[in-house]
Structure formats: C-alpha cells, structure tokens
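Asker: Below you'll find the structure I mean.
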Amino acid sequence: MERLCVWRITVFSDRLEIRRVFLDEKGMHCLVAMANGDNYYVHYSSSQARFLTRLQDHFVESVAWNRNTTESSTRDFIIGTRHGVLLECLIEGGKDRHVRPLFEFPKRTPVLGVHVETAPLPGGGHRQLLLVAIPRHLYLFVGNPTLSAVFQNLSSSDLKTFLAFEVPQESPQAGPVLQLLKKKGSVDVLVFWTTGIGIVSSTLCLSSSSADSASSPLPPARAFFSSESPVVISFPFPSLQEDTSFFGGSEGGAESERDRRGKGARDDDDALFPSSPGGPPPLSVTVTDFHVLLLYDDRLVALSRITHEKVVELPLSGVKYGTVRRLLQDRFDQSVFLYTDAFVCQLVISKESAQAWRLYLQQGKFAVALSHCATAAQRERVLVSQATWHVGRGRFVEAAELLAQTRSVPFEDICLFFLAHSQPLALRSFFLSRYKQLANAVGAGPEMPFRTPGGAQPLNGEGAGHLRPSAASPTPQQVMLFVWTVELFLHELAQLDSALSCRLRRDRNLGRDETSAAPASEEETREEEERERAVELLRKRQRETEEELRRLLAEFRGVDEVQATVYTLLQAHGRFEHLHFFAELCGDFESVVIHYLTRQDYATVIEKLAQMSDLPLRDALLYRLAPLLFRHEPRAFTALCCAPAFSHIDSARLIPALLHCRGTKQQKENAEAEEERGGERGEKTGEKKTKGEERRECAIHLLTHFARQATNCRDASVLGISGGSPSEVPGSFARRPTAAAPRLQNSQNASFSTSQKGREIQGSWKGSTGLWNALIVLKAESGDEEDLLRLLAAQKPGHLPFDPQFALRFCLENKRERSAVLLYGLLGLHKEAVEKALSTNDMTLGQHAANAPTDPAQRQRLWLRLAQHAAVHEDVPALVALVRQSGNLLKIQDVLPYISDSTVIDSLKEDICASLDAYEQRIASRYQEMETHKEAISALKEELKTVNQR
5 MERLCVWRIT VFSDRLEIRR VFLDEKGMHC LVAMANGDNY YVHYSSSQAR
55 FLTRLQDHFV ESVAWNRNTT ESSTRDFIIG TRHGVLLECL IEGGKDRHVR
105 PLFEFPKRTP VLGVHVETAP LPGGGHRQLL LVAIPRHLYL FVGNPTLSAV
155 FQNLSSSDLK TFLAFEVPQE SPQAGPVLQL LKKKGSVDVL VFWTTGIGIV
205 SSTLCLSSSS ADSASSPLPP ARAFFSSESP VVISFPFPSL QEDTSFFGGS
255 EGGAESERDR RGKGARDDDD ALFPSSPGGP PPLSVTVTDF HVLLLYDDRL
305 VALSRITHEK VVELPLSGVK YGTVRRLLQD RFDQSVFLYT DAFVCQLVIS
355 KESAQAWRLY LQQGKFAVAL SHCATAAQRE RVLVSQATWH VGRGRFVEAA
405 ELLAQTRSVP FEDICLFFLA HSQPLALRSF FLSRYKQLAN AVGAGPEMPF
455 RTPGGAQPLN GEGAGHLRPS AASPTPQQVM LFVWTVELFL HELAQLDSAL
505 SCRLRRDRNL GRDETSAAPA SEEETREEEE RERAVELLRK RQRETEEELR
555 RLLAEFRGVD EVQATVYTLL QAHGRFEHLH FFAELCGDFE SVVIHYLTRQ
605 DYATVIEKLA QMSDLPLRDA LLYRLAPLLF RHEPRAFTAL CCAPAFSHID
655 SARLIPALLH CRGTKQQKEN AEAEEERGGE RGEKTGEKKT KGEERRECAI
705 HLLTHFARQA TNCRDASVLG ISGGSPSEVP GSFARRPTAA APRLQNSQNA
755 SFSTSQKGRE IQGSWKGSTG LWNALIVLKA ESGDEEDLLR LLAAQKPGHL
805 PFDPQFALRF CLENKRERSA VLLYGLLGLH KEAVEKALST NDMTLGQHAA
855 NAPTDPAQRQ RLWLRLAQHA AVHEDVPALV ALVRQSGNLL KIQDVLPYIS
905 DSTVIDSLKE DICASLDAYE QRIASRYQEM ETHKEAISAL KEELKTVNQR
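In my numbering, the protein residues as written are 5 to 954.
Here it is in structure tokens:
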C-alpha cells in the first residue's frame with residue numbers, strides 16, 4: 005500500500021465542528037451534521053450551505069440516500085439519529101420540504117447504520133428493503149412494496165419479526181457500521197455489519213425475496229438472508245497480545261468461528277451470537293473484494309476475508325500522518341482513502357487476488373479456487389488437489405474427470421493408477437473426458453466434434469447425406485482414445501451380461517426351491533422383491549451403458565480410419581446390434597446387408613435394401629444378391645422389386661436370378677423320381693415342389709410386371725392374364741422362416757451358374773424381348789399350359805414382343821404342342837400349325853390355325869386338310885360338323901373323295917340330298933338367268949334393226 009496526499013483539511017472551531025458528512029452516490033447532494041445538532045444541506049452547484057430547520061436538534065448518525073435522486077431533488081431518503089429515530093426526509097430546491105418520523109426504537113438506542121435496497125417483484129415493480137443497525141441488533145424492514153405501510157402501526161413488540169441478527173456486544177460508534185457489496189454474477193448482496201465482537205457477514209438474498217408477490221404475507225426478516233450461518237471476522241489483537249493459535253487454522257473462517265462461538269449457543273434463536281474473545285474495535289472499517297481494512301490509532305490492519313487472518317499491518321506514525329480519522333471508499337471504482345486531521349491519502353491496493361486461489365484451496369473450496377486461478381500452473385495444482393480429495397473418499401469417476409483436464413500428471417500414470425485400483429469406470433470416464441477435450445481443441449462444431457473433410461462417404465450417393473462434415477480431422481490421440489473407450493464399453497457390457505445371467509439363473513433356482521416348499525413368508529417375499537430390484541438395476545445399467553456407447557459411436561461416425569477397427573471389436577464381442585447401428589450411421593449399408601446375409605436373415609436383408617437411400621449402391625446390391633434373396637424369400641423379393649421405388653431398375657439383370665428357380669434337368673428328374681417312390685421321402689419332395697412352385701409363380705408375376713413396364717402395356721389381356729395388376733403377387737408377403745442357405749461366398753457361384761444357364765438358352769435377350777422370352781420359358785415349364793396359351797393367343801402376328809423362333813423351339817423341346825401350334829401361326833407357318841394341331845388330335849386348335857390365313861384359297865386348303873384328317877379316322881359325324889363349321893369353305897362333295905368306299909354314308913344321306921337340292925336350285929337359277937339374257941338379246945336385236953331402217 006502507498007499513501008498519496010490529495011488535499012489539506014481546514015480545522016474549524018469547536019463551536020462549528022463538523023461531526024458527520026453524508027454525500028449521495030451521484031455526488032449532487034450533501035448533508036452536513038454539526039456537533040451541536042444543526043444540519044446543513046450543500047448542493048454540488050452551490051458554494052453556500054443552507055440550514056435545515058426541520059432537522060434542527062437531530063443528531064444524524066446515518067443516511068440512506070434514494071438512488072433515484074435528481075439534480076434538484078433528493079427524493080425521499082432515510083435518516084437515522086443518535087436518539088433512535090428513523091426519519092423520512094425530502095429536500096427540493098435546497099429546502100427540506102418535509103421531515104417525517106417513521107419509528108423510534110426503544111430506549112432511544114442510536115441508529116448507527118441505515119441502507120435501502122430494492123428487490124424486483126414477479127409481476128413487475130420493486131419491493132423496498134431497509135436495513136437498520138443499532139448497537140446490538142440488525143433489523144430488516146421489508147416493504148410491501150413500499151416502507152410507509154410497514155411503520156404505520158409498528159410497535160416495539162413487533163420488532164422481533166424484523167430482527168435479522170443480534171450480538172452480545174455493542175457496535176463502535178466511530179463511523180458507519182453497514183457496508184454492502186454486490187455478489188459477482190448475482191443480484192444478491194453481501195452485508196458486512198461492524199459489531200463489538202467483529203464484522204458479521206451474511207448474504208441478503210434479493211432473488212429469493214422477489215419470488216413472493218406483493219400481496220403474499222411477508223416471512224420473518226431472517227428468511228431473507230442466506231440459510232448458512234453468518235461469518236464473524238473477529239478484530240485482531242495488537243502484535244504483542246495476538247493469539248497466534250486463534251488464526252492458525254486454515255479450514256475456513258466460518259468453521260473456526262463456529263468453534264469459537266462455543267456450544268452454548270441457543271438453538272432456538274440463531275440471531276444471537278455468543279461473545280468472542282476478539283481484540284479492540286477499530287476506528288473505521290472498509291471492505292474490499294478480498295480483504296477487510298481496519299483503522300486503529302497507530303496502525304492500519306488488513307484481514308483476509310477468506311481465512312480471517314491478518315495479512316498486512318501498516319504502522320501510522322502520529323508525527324508523520326497526524327491524528328487519523330476514518331477510511332472512506334468510492335463506490336464507483338472501489339478506491340480507498342484515509343484521512344487524518346492533516347492529510348487525505350489514497351491507499352493503492354494491487355494484486356489483491358493473487359493468493360486467493362491458494363487460500364480457497366486450503367479450505368477445500370475447489371470451484372472457487374479454480375475461478376481465481378490466473379495461470380495454468382495454478383489451475384493444475386487445484387485440479388490435482390481436488391482429484392486427490394475425491395480419490396481419498398472413493399470417488400474415482402469424479403477424480404478421473406478432473407485428471408483429464410490436467411497435463412502435469414503423465415497419461416500413463418493415471419491409467420496405471422486406475423487399473424491398479426480396478427476402476428474401469430473411472431478409466432473410461434478419464435478417456436471420455438480427455439477425448440472430448442481433444443475434440444473441442446480442434447474446433448469442431450457443437451453437434452459432432454470431428455469429421456473427415458468430406459464427411460462419411462463410403463458409399464456413392466446420398467447414403468450419408470445427413471452427416472454434416474467438418475473441416476477438422478481427428479488426431480491420432482483422438483482415434484486411440486476412441487478405440488480404447490469403445491473397448492472399455494464393450495468390456496463393461498460383457499460384465500453386465502454375465503452378472504445379469506448369473507443373477508437370473510440364481511433367481512430361477514431359488515424360485516424352483518420355493519415353489520416346492522411351503523408358502524412364502526413375509527421375509528421371503530421381501531427378499532424376492534429385493535432380487536427383482538437388483539435385476540432391474542442391472543438392466544438399467546445395461547441400457548444406460550448401451551446408450552452411452554451408441555452416443556460415442558454416433559460422434560465418431562464420420563471417421564473412416566476407425567471403421568474397420570470398430571467393426572472388428574463389435575463383432576468380436578458379439579454386439580451385432582451396435583455393429584449395425586454404427587454401420588448405418590457411417591452410411592455403410594453394404595456391410596449391414598452382408599452381415600445379415602451371412603446370418604441367413606434374408607428377410608431383414610430385403611428390409612434393409614428397401615430402407616437404403618443410396619440408389620446406385622442399393623441397385624448394385626440387389627443385382628448381386630438377387631439369386632439368394634429370390635431363392636429363400638421369393639414373395640418378399642417380388643414385392644420389393646414391384647415397389648414404386650424400384651421402378652427404375654434394370655429388369656434384364658434380374659432375369660438370371662428368376663430363371664434360376666427352374667433348376668437343372670438332373671434336379672427335375674431327381675424330383676420326379678422322388679415323387680414316384682412316395683412315402684416319407686415323397687412327402688418331403690412335395691414340400692420342395694411347393695417351394696419351387698412358389699418361386700415359379702413369383703417369377704412369373706415379377707416378369708409380367710417388368711414386361712408391362714417395358715412395353716407400357718395397359719391391357720392385361722395382352723399379357724395373357726385375366727385382370728388385376730401384375731405387381732400384385734398372390735399370397736402373403738409375411739416373413740417366414742427360411743431353410744439353411746449357402747454362405748455369402750456361394751452367392752457369386754449361384755449368379756455364375758445362373759448366367760451359364762442363361763447362356764444355354766439361345767435367342768435374343770436384350771431389352772423387353774428378354775423379359776418376354778423368360779416369361780414364356782417359365783410358363784412353358786409350368787404344369788399348366790393354359791397360361792402360356794392365353795399369352796400366345798393374345799398376340800398379334802407381326803408385332804411380337806418376344807423371339808418367336810426361340811419360343812417355338814423351346815415349346816417343341818418341352819413338348820408344348822398346343823403352344824407350338826399358336827407359335828407356328830404367329831410365324832405365318834399356317835400349314836405347319838395345322839399339321840401340329842392334327843398331330844395332337846386337337847381339331848379345335850386346328851380349326852383356329854386354319855382360319856388364321858387371310859387368303860381364302862389357303863384357308864380352304866387347310867380346311868380340306870382337316871377334312872382329310874377327319875376322314876382318315878372314318879369319323880363321319882365329325883366330318884359333317886367340320887363342313888358346317890368351315891363357313892362355306894367346304895362342301896359335302898369336297899369331302900366325299902376322302903371317304904373310303906367301305907364307309908357307310910347313311911348318316912350323310914340328308915346332307916347329300918340337301919346338297920343335290922341346292923345344286924338343282926342353282927341350275928334352275930342359272931337356266932332362268934340364261935332365258936332372261938336371251939330375251940334381252942332378242943330385244944336388243946330388234947332395236948338395232950329399227951335403228952338401221954331409219
């Protein structure tokens with residue numbers, strides 16, 4: 005501290021001696037109290053003091069100025085007098101407009117300090133709080149909202165309601181005894197009351213006082229202060245009499261003060277403080293941020309507000325400084341001044357908070373100590389001390405979080421310490437905390453602390469579009485911490501699974517024993533409930549650990565470098581659900597699909613394909629896995645491909661998978677042989693046949709759907725179906741258990757064999773033609789040929805969507821003679837069509853083929869071939885019906901040459917007679933026509949003769 009002389013004070017005579025000077029915070033109004041009881045008012049713009057007549061004979065001891073003062077008015081402010089009177093005064097225009105007495109304390113006890121605070125109310129407005137200090141009591145009067153109503157009917161017996169604190173020794177009357185400081189970061193204020201036993205400190209909670217509305221009843225005055233016991237800072241002894249043991253403690257002033265107050269304190273009245281063996285009271289007291297300054301006649305003492313110990317004692321020589329008067333403090337910049345009868349000196353206070361962190365650390369107030377650390381070394385020391393304190397109390401997790409913030413303790417030492425004490429949870433917490441610090445150090449965003457520059461893009465497309473990339477890449481330390489933390493999580497989950505399994509097994513054994521015994525008693529019921537709670541607690545811990553692991557995996561989902569390692573860890577620990585979760589977060593849907601495929605969960609594979617948003621990858625996986633998926637889940641696969649989201653796929657690439665359901669020729673022969681043998685094996689063969697028929701049915705429906713899309717066909721009859729949407733596959737698409745399927749490595753073999761089978765089928769397989777060819781193949785190989793016949797019958801010659809030569813050859817190879825007839829007709833080979841129909845003895849189909857040509861002569865020849873075939877079998881009625889159905893293309897005489905001489909034609913008598921009658925009628929008609937023509941010729945000749953004669 006240094007002393008700086010500012011100005012010299014003029015000494016008045018005893019008759020006009022100034023006893024007190026009170027200046028408002030804005031420096032505009034000043035009240036001067038004289039020793040004889042006169043009071044003067046001085047305005048900052050005036051050079052003359054005005055006598056206040058209404059305040060005459062009032063010995064002013066304290067003043068609480070109104071904070072809303074203006075340049076011309078003081079507004080209402082409170083005055084405390086030597087005779088225990090509280091006054092409300094208003095000075096305007098340099099005159100005391102009114103002086104109104106509010107209250108007079110019993111026994112005319114002097115009012116040594118007054119202070120007015122305002123607290124906000126919930127509904128708006130403010131509530132006034134008046135602190136009044138008398139020699140042994142501190143009162144708090146709470147306005148509701150103003151103070152006027154409080155003092156209207158207040159009597160001496162009601163004072164106990166407003167009593168906040170009481171001390172056994174009276175306060176010194178040398179100066180102001182109340183000082184208030186605002187708490188940093190809060191609306192509450194610290195109240196310092198100078199008493200005979202020391203300086204009493206407590207917190208006035210303005211925030212809690214504003215919680216009540218103005219209409220609610222007021223609580224006692226003590227309720228507006230902190231619930232913690234007030235702190236008493238005792239006055240120090242002189243240097244020769246100081247009891248060093250009294251200040252030797254370092255566990256905090258509040259605790260040592262409670263020890264000094266003794267055990268005789270009354271529990272029913274916490275406002276009374278026991279007497280304290282402190283030193284003599286000072287002349288003046290001033291409170292700074294961390295110290296209390298005490299002014300004595302011959303010295304200036306500074307006490308620490310933290311430890312209550314004396315830190316500085318500055319001797320004041322009377323020869324050099326004169327007679328000391330008081331310490332003053334500027335409320336704006338907290339400057340402290342010392343004035344004597346000869347000088348005014350400023351006390352320069354520097355580095356006041358330099359040792360605050362160390363003092364708080366000694367008291368165990370670690371959070372406060374951290375807030376006052378100025379260097380990294382100080383912060384390290386506080387953190388290590390706090391971590392050591394937690395370890396001593398068995399709080400290893402809290403210690404780990406603190407040690408993660410330090411750099412002075414080696415990383416390896418911390419890990420080995422927790423491992424030596426078997427604290428995996430603490431080690432995991434240490435890794436997580438250090439991991440987050442590193443993540444924040446690289447400047448990552450709030451959602452995800454780190455990503456690769458391009459985000460997680462293992463797939464082409466939009467699979468990982470929701471991942472927001474960051475410009476910061478993870479450091480090697482982050483990657484290592486992440487992997488170690490994941491492994492610790494997995495280890496903990498394994499332990500929880502083992503503990504839960506053992507607990508459930510033990511409970512089941514106990515349950516069986518209790519079931520066989522007598523009815524359970526109350527104690528046994530209680531034990532069972534405890535076991536259930538223990539199981540539920542284990543399950544809760546398991547869920548929480550899994551959620552933490554998922555959050556950790558989600559934060560690191562954008563780093564490609566660790567994906568393979570995490571996959572390996574999760575798969576090695578059997579955490580497949582977390583493996584799928586992490587892979588989906590990374591956008592690696594291919595790994596998810598392949599994993600389900602290796603587990604032969606084909607239905608889930610189809611579901612994952614349907615959920616994928618990366619269309620190129622999804623389509624590639626669909627083409628690649630189509631043989632396996634269609635083999636084991638034909639209905640679900642068909643429904644997937646018929647969905648609108650898959651309308652753009654290349655259907656030609658699925659044809660090999662769909663044709664794979666046909667099986668090889670050897671497989672067909674084996675199946676037929678099994679079916680013929682019957683018995684048990686025959687039943688199994690029937691089941692396989694049902695599965696094969698299901699695949700064939702789904703393949704036909706899927707190909708029909710693709711064919712309709714490829715040809716933009718709206719008429720269902722062209723596709724040979726009776727109606728309905730081809731995408732609607734009959735039957736249930738519900739999941740069903742699948743038989744054991746080959747592993748993933750067999751999927752490529754299946755695709756290869758399917759491709760080989762496709763190459764064995766000759767013909768054009770490009771575009772929609774391939775779809776129709778495959779559709780004809782499947783329908784030709786089905787048990788019922790009617791579907792193929794309907795399909796072929798609906799086609800028009802010259803506009804065939806399939807390869808007719810291939811279709812004809814395939815139908816002939818598979819002995820689909822009737823279909824071959826229609827194909828011959830579509831190819832324009834009508835003679836061959838009729839011959840093929842006759843070879844199957846299908847006259848109806850033959851008639852259809854005979855009517856196909858557009859040339860009547862060719863149709864007649866084909867019908868004659870039909871007649872010849874019917875005559876060979878000497879089927880005269882059929883021959884007669886054929887003549888009638890020919891549509892006048894055949895006559896009875898046309899078929900007679902084909903009838904052998906030995907054939908009895910009695911059944912043809914009527915037809916022959918009818919034919920002869922028809923001939924006679926035609927002959928008569930022709931004869932009549934000839935006669936008519938003769939007559940016309942004769943008439944023409946006569947006319948010519950007449951013309952020639954003219």
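Glycine included, C-beta positions come from ideal geometry on N, C-alpha and C.
All values derive from a computational prediction rather than experimental measurement.
Near GLN409, what residues of its chain come up, given a Cβ to Cβ distance below 6 Å and the 5 sequence neighbours on each side ignored?
Answerer: LEU387
Asker: Have a look at THR248 and PHE241 and give me their C-alpha separation to the nearest angstrom.
Answerer: With a pLDDT of only 38 at THR248, under the threshold of 50, the placement of this residue in the model should not be trusted, and no figure is reported.
Asker: Would you give the residue range spanned by the beta strand (DSSP E) that GLY117 belongs to?
Answerer: 117–124
Asker: Anyone know if the C-beta pair for THR773 and PRO805 falls short of 8 Å?
Answerer: yes
Asker: Which runs of the alpha helix (DSSP H) spanning at least 4 residues fall entirely within the stretch 780–867, listed in chain order?
Answerer: 790–797, 808–817, 821–830, 834–843 and 847–854
Asker: Considering only their Cβ atoms, is the gap separating LEU644 from ILE610 smaller than 8 Å?
Answerer: When the beta-carbon positions are compared, ILE610 and LEU644 come within less than 8 Å of each other.
Asker: In whole angstroms, what separates the C-alpha of PHE81 from that of LEU184?
Answerer: 17 Å
Asker: Within 8 Å (strictly less), CB to CB, does GLU559 reach chain D?
Answerer: Annotation note: the requested chain D is absent from the structure, which comprises a single protein chain.
Asker: Whole angstroms are fine: how far does the CA of LEU793 sit from the CA of LEU849?
Answerer: 11 Å
Asker: At the level of alpha carbons, what is the spacing between PHE580 and LEU574?
Answerer: Rounded to the nearest angstrom, the two C-alpha atoms are 7 Å apart.
Asker: Starting from HIS394, trace the alpha helix (DSSP H) in both directions and tell me its first and last residue.
Answerer: 380–396
Asker: Any idea if MET847 is buried or exposed, counting beta-carbon neighbours within 10 angstroms, 16 or more meaning buried?
Answerer: buried
Asker: Relative to the C-alpha of ALA714, which candidate in GLY771, LYS188 and GLY189 has its C-alpha closest?
Answerer: GLY771
Asker: Assuming GLU96 and LEU106 make a contact with CB atoms under 8 Å, what is their CB distance in whole Å?
Answerer: Their Cβ separation, rounded to whole angstroms, is 19 Å, which puts GLU96 and LEU106 out of contact at 8 Å.
Asker: Just to check my reading of the structure: ARG58 and ASP100 have Cβ atoms closer than 8 Å, yes? What is that Cβ distance to the nearest angstrom?
Answerer: 5 Å
Asker: Looking at the structure shown, is LYS770 part of a helix, part of a strand, or coil, going by DSSP?
Answerer: coil
Asker: Which one or two residues does DSSP pair with VAL136 in a beta bridge?
Answerer: VAL118 and TYR143
Asker: Output the residue ranges of the beta strand (DSSP E) runs that lie fully inside the stretch 84–111 and measure 3 residues or longer, sorted by chain position.
Answerer: 89–96 and 99–108
Asker: What residue from PRO808, ARG507, GLU933 and GLU839 has the CA that sits closest to LEU827's CA?
Answerer: If we check each option's Cα against that of LEU827, PRO808 comes out closest.
Asker: Quick one: residues in its chain with C-beta nearer than 8 Å to the C-beta of SER389, no 5 flanking neighbours on either side, listed in chain order?
Answerer: These residues qualify, in order along the chain: LEU365 and PHE370.
Asker: With 16 as the cutoff for other CB atoms within 10 Å, does ALA534 come out buried or exposed?
Answerer: According to the sequence displayed, residue 534 carries Glu and not Ala. Its Cβ having fewer than 16 others within 10 Å, GLU534 is exposed.
Asker: Name the DSSP bridge partner or partners of TYR48?
Answerer: TYR48 pairs with nothing; no bridge assigned.
Asker: Tell me, please, which residues DSSP counts as bridged to TYR343.
Answerer: Answer is ARG330 and VAL348, bridged to TYR343.
Asker: Would you mind stating whether ALA39 and ARG54 have Cβ atoms separated by less than 8 Å?
Answerer: no
Asker: Which residues bound the alpha helix (DSSP H) around GLN359?
Answerer: No alpha helix (DSSP H) holds GLN359; DSSP gives it neither H nor E.
Asker: In whole angstroms, what separates the C-alpha of GLN441 from that of TYR343?
Answerer: GLN441 and TYR343 have their C-alpha atoms some 53 Å from each other.
Asker: Using a Cβ distance threshold of 8 Å, determine whether the stretch 146–166 contacts the stretch 188–201, with at least three qualifying pairs required.
Answerer: no
Asker: By a C-beta neighbour count over all protein chains shown, 10 Å radius and 16 as the cutoff for buried, is GLN482 buried or exposed?
Answerer: buried
Asker: Tell whether a beta-carbon distance below 8 Å holds between GLY129 and PRO149.
Answerer: yes
Asker: Looking at C-beta atoms only, is the number of pairs between the stretch 577–597 and the stretch 503–515 that lie closer than 8 Å three or more?
Answerer: no
Asker: How many Å lie between SER890 and GLN872 at the Cα?
Answerer: 13 Å
Asker: Please determine, among ARG385, ILE353, LEU351 and PHE341, the residue with the shortest C-alpha to C-alpha distance to ARG362.
Answerer: ARG385
Asker: With a threshold of 6 Å on Cβ separation, who are the neighbours of ASP511 within its own chain once the five nearest residues in sequence on each side are excluded?
Answerer: ARG535
Asker: In the structure shown, what three-state DSSP assignment does TRP69 receive?
Answerer: coil
Asker: Tell me the DSSP secondary structure of MET616 in three-state form.
Answerer: MET616 falls in the coil class under three-state DSSP.
Asker: Would LEU707 and ALA784 qualify as a contact pair, given that the criterion is a beta-carbon distance under 8 Å?
Answerer: Contact flag unset, no.
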